[in-house]
Amino acid sequence: MTDKFDYDLLIIGSGPGGYVAAIRAAQLGLKTGCIESRETLGGTCLNVGCIPSKAMLHASELYHEAHSGALEKFGVKLTGAKLDLKQMLTEKLKAVEELTGGIAFLFKKNKVDWIKGRGAFENANTVKVGDKSYTAKNILIATGSSVTPLPGVEIDNDKHVVVDSTGALELPKVPGHMVVIGGGVIGLELGSVWLRLGAKVTVVEYLDQILPGMDGDIRKDANRMFKKQGFDIRTGTKVTGCTVKGKKATLTMEPAKGGDSETMEADVVLVAIGRKPNIDGLALENSGVETNDRGQIEVGHDFQTDVAGVYAIGDVTPGPMLAHKAEDEGIAAAEFIAGQQGIVNHDLIPGVVYTYPEIASIGKTEEEVKDSGVEYKTGKFLFAANSRAKTNRDTEGYVKIIADAKTDRVLGAHIISSLAGTMIAQVTQAMEFGATSEDIAYTCHAHPTHSEAIKEAAMAVQGKPIHM
Amino acid sequence: MAIEVKVPVLGESITEATLGEWLKQPGDAVAADEPIASLETDKVALEVPAPQAGVMGAHQVAVGDTVEVGAIIATIEAGSGAASAAKSAPAPAPAKAETRSEAKAGEPDASITLSPSVRRLVLEHGVDPSQISGTGKDGRLTKADVEQYVKSGAQSNQQAPLAEKGEAKGAQTPPAPSATGNRNEERVRMTRLRQTVARRLKEAQDTAALLTTFNDVDMTAVIETRSKYKDLFAKKHGVKLGFMGFFVKAACMALKDVPSVNAQIDGDEIVYHDYADISVAVSAPNGLVVPVIRNAEAMDFADVENTIGDFGKRAKDGTLTMADMQGGTFTISNGGVFGSLMSTPIINPPQSAVLGLHRIEDRAVVVDGEIVIRPMMYMALSYDHRLIDGREAVTFLVRIKEAIEDPARLLIDL
């Protein structure tokens, strides 16, 4: 099928979108190459994103449990629990190495060519890497995203003072005071890591509430929980400048609505105000593909751009910048390219914040449902009334389910719980099958588990939870 | 216990149907899945199966009534068939039936409650899920239901089901040939585009009342004009003077004179256009593409030739967009470039007609009582007879013939 081309499919980027697309394409019999500019595969997610941040979140949580005396009530007395940050960072690196190495193995196994270097379009069927050109019948852009810079605040990860998410994962020592600019997912997760390890953490958010885009109840309650943990959260505040002197940074900020400015000293400033699509250096103009006014590449239902044979997935396209969205799009795009039917349901992409407790959501927020004019009911069940959570002394959070008042179809679910990220899959699956809250309520859930709270929240939609 | 029989989901955007015929009368014994009534919609006629075995209860609507999706049309008394009991059974409590039917009608379209694997299968085979009976919870479709449906070939109009590929392969394996030599087969999956083309072409044949009328045209005048002016034209306009310019202009004039050829059917209405957007087939590396010359009626020869030239270039570069190919009120397809003598093209829905051009060759024809050699070409007009009368189609083709044989007519609009 390749005939005059080097490849049936050439993928630019080996993040969770690109590498998954490459493997699926190879499985479907396409001659596939994958271009990656990093020394290792896996993109932001595996190298400097999802994976290392989860390694640090897990390790810092263990330290915090041991160090804070939280285990004493269970009869576990620990004295002299100490932080070995170097070891923590080493273990994180090991996890990253194992996982990126795993992809290299999967590429070999599936006969995907790993082309090292930075790709730039020469035309719609040719990509130049270094001084070599590769032609392909189809090209998939999966270049992902990178940190959005904040004017007036210059990031320098090597100095360990003003850092982005990458720099915040390799601080050589615990800062005395860390200021996180941006109260979104990344800022709160990385803020949590250093808070648990002993830093004072201030979160500065421009909007009047943290976690933009999430369900209103969740945002309010998360704000309260994080404050209780020791976060200093300044909402409605704008950072206007940053000066670095030696090992200290001084931030100037003012109320978002305008007003007197103030300054704040920090040992580390983390800029986490969002991410932007990676299109620089791609020479997109040579392919004929254009970007929209947000710098994203628009695609059709089959992930094809306006230029036939050129596809795009993941963070360079509109939609939430999430690894699992990119993965599913990668599979679908590969299937379309192989002449099959690909399928991604963009209405049901779960979102998870990996703090403690975790925050997970699927489908619509209550605000979105309200705006759509649909009559709806909600059911909420607190973990304080869930037997397993109570037993584990892990009672923070709740499950909230939103269902159509007429048809009872589940429209959205939002969970705060230590296990929220894992639990949300159940509701997602149910929603994929068009489930009603009654379907969930009449599905047997094992006792005692946190998952029973989902069942009870579904029962609460009908106004009849058993345990509340 | 009485079971209500409701109007099933009829497919996207269809909300109501007309009750065509009762196939079962009150008191008749019915088996599960046996058709009890037939419904007619704008697009299809379909039968309503009995949800379970029992005895037919009262008809709730009469033949010819319009019924909405989810409305109750009859009841079936469960059980093996005490006819008398069914007959004497009162009509179901109306209040209860009312509320329940309302809740049902408010339910989301069945197509969105399909599970992911079913959704993928339905898309892959291009089948209408409302035509398949589900065996899952609450009558939902399972993957097996769709596979079974596709396998049974119930939708003879759809693309060849992929699921059958394996079997067909086995069945087609020829007996050991006595002939010598290589006899290899290659199986290549249809591309998405090919599948779409296949579906659309078949849809056109199934929907339209397709008919083709022919004529021939003497190309002498056009060829003369071309050879006389081609250098000047190229110098002034930077593009070659081809045949398409003449045919596009002639078609625009004829479309104005016979507007139904430029019209389309939309539901039970006819949409006439006061502009001519002409789809022209252009060769591209991956096959033919059909971009649209917008407002061709307002263009001069140079505009038309330039536009076609630009399409050809962009087709080669792969920079033609979907937007370039959408719309179009009429199509000109030139099979002559590949040497075709005669063909019956298929219309490109929702368009109503397509003009087929063919090869030009010297033929002996009689002019003024003398046999002479003339460069002749056959033209074919395939059209949707639902909208276009035979007289109009023939007139349209004759108008083109006249304009091509005497291009001066294009100037003075004759």
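Chains as they are written, first to last, in this note's numbering: chain A, 4 to 471; chain B, -1 to 412.
Just so you know, even glycine gets a beta-carbon here, dropped at the ideal spot from N, CA and C.
Going by DSSP, B/GLN262 is part of no alpha helix (DSSP H) but of the beta strand (DSSP E) stretching over 262 to 264. Secondary structure at A/HIS163: coil, using DSSP grouped into helix, strand and coil. The Cβ-Cβ distance between A/LEU254 and A/LEU143 does not fall below 8 angstroms. By the criterion of a C-beta distance shorter than 7 angstroms, A/ILE276 is surrounded in its chain by THR151, LEU153, ILE184 and GLY185, once the five residues flanking it on both sides are discounted. Straight through space, the alpha carbons of A/VAL319 and A/GLY354 are spaced by roughly 18 angstroms. Here A/GLY122 has ILE15, ILE38, VAL130 and VAL132 as same chain residues with Cβ atoms under 6 angstroms from its own Cβ, once five neighbours each way along the sequence are excluded.
Interface annotation, A/ILE346: in contact with chain B, CB-CB separation under 8 angstroms. Contacts with chain B at 8 angstroms (Cβ-Cβ) include A/GLY437. For A/GLY312, the chain B residues whose Cβ falls inside 7 angstroms of its Cβ are GLY316, in order along the chain. DSSP places A/GLY424 inside the alpha helix (DSSP H), whose first and last residues are 423 to 435. When secondary structure is reduced to three states using DSSP, B/GLY388 falls in the helix class. Using a Cβ-Cβ cut-off of 8 angstroms, A/GLY342 counts as an interface residue toward chain B, since at least one Cβ of chain B sits closer than that to its own. Among the residues facing chain B, A/ALA406 is not included, as its CB has no counterpart in that chain under 8 angstroms away. Against A/ASP309, the close residues of chain B are THR319, in the order they occur along the chain (beta-carbon pairs closer than 7 angstroms).
Taking each of A/LYS114, A/TYR379, A/ASP263 and A/LEU287 in turn and checking the Cα distance to A/ALA28, the smallest one comes out for A/LYS114. Just measuring C-alpha positions, the residue of A/ASN348, A/PRO321, A/THR381 and A/GLY312 sitting nearest A/ASP296 is A/PRO321. Taken in chain order, the whole beta strand (DSSP E) runs of length 3 or more contained in the segment 260 to 314 of chain A are 265 to 269, 271 to 274 and 278 to 280.
As for any beta strand (DSSP E) of minimum length 3 sitting wholly inside the segment 167 to 194 of chain A, the runs are 180 to 184, ordered along the chain.
Residue burial is scored here from C-beta neighbours: A/LYS367 has at least 16 other C-beta atoms within 10 angstroms and is therefore classed as buried. Here DSSP, grouped into helix, strand and coil, assigns A/PHE8 to coil.
Nearest CB-CB separation between A/GLY244 and chain B: not below the 8 angstroms threshold. Interface annotation, A/ALA69: not in contact with chain B, CB-CB separation never under 8 angstroms. When the five nearest sequence neighbours on each side are left out, the beta carbons in the same chain lying within less than 8 angstroms of the beta carbon of A/SER149 are those of THR47, ARG278, LYS279 and ASN281, in order along the chain. Using a Cβ-Cβ cut-off of 7 angstroms, B/MET323 is close to nothing in chain A; its nearest Cβ partner there is about 11 angstroms away. With respect to B/VAL5, B/ALA60 sits apart: the two C-beta atoms are not nearer than 8 angstroms. When beta bridges are read from the DSSP output, A/ILE405 appears opposite A/THR381 and A/GLY415. Each residue's CA atom was taken as its position, placing A/LEU33 and A/ILE316 some 18 angstroms apart. Separation of A/LEU193 and A/ALA171 (C-alpha to C-alpha, rounded to the nearest whole angstrom) is 7 angstroms.
Remark: fewer than three beta-carbon pairs, one from each stretch, lie closer than 8 angstroms, so the segment 342 to 353 of chain A and the segment 125 to 144 of chain B are not flagged as touching. Taking C-beta atoms under 8 angstroms as the contact rule, B/ALA313 and B/SER281 qualify, at a distance of about 7 angstroms.
Beta bridge pairing from DSSP links A/CYS37 with A/ILE14 and A/TRP117. Beta-bridge pairing by DSSP links A/TYR137 to A/VAL130. The C-alpha of A/ASP263 is placed about 20 angstroms away from the C-alpha of A/ALA252. CA-CA distance, A/GLY466 to A/GLY382, rounds to 7 angstroms. Contact of A/ALA127 with chain B by beta-carbon distance below 9 angstroms involves ASP315, GLY316 and THR317. For B/THR111, the nearest beta carbon of chain A is closer than 8 angstroms to its own beta carbon.
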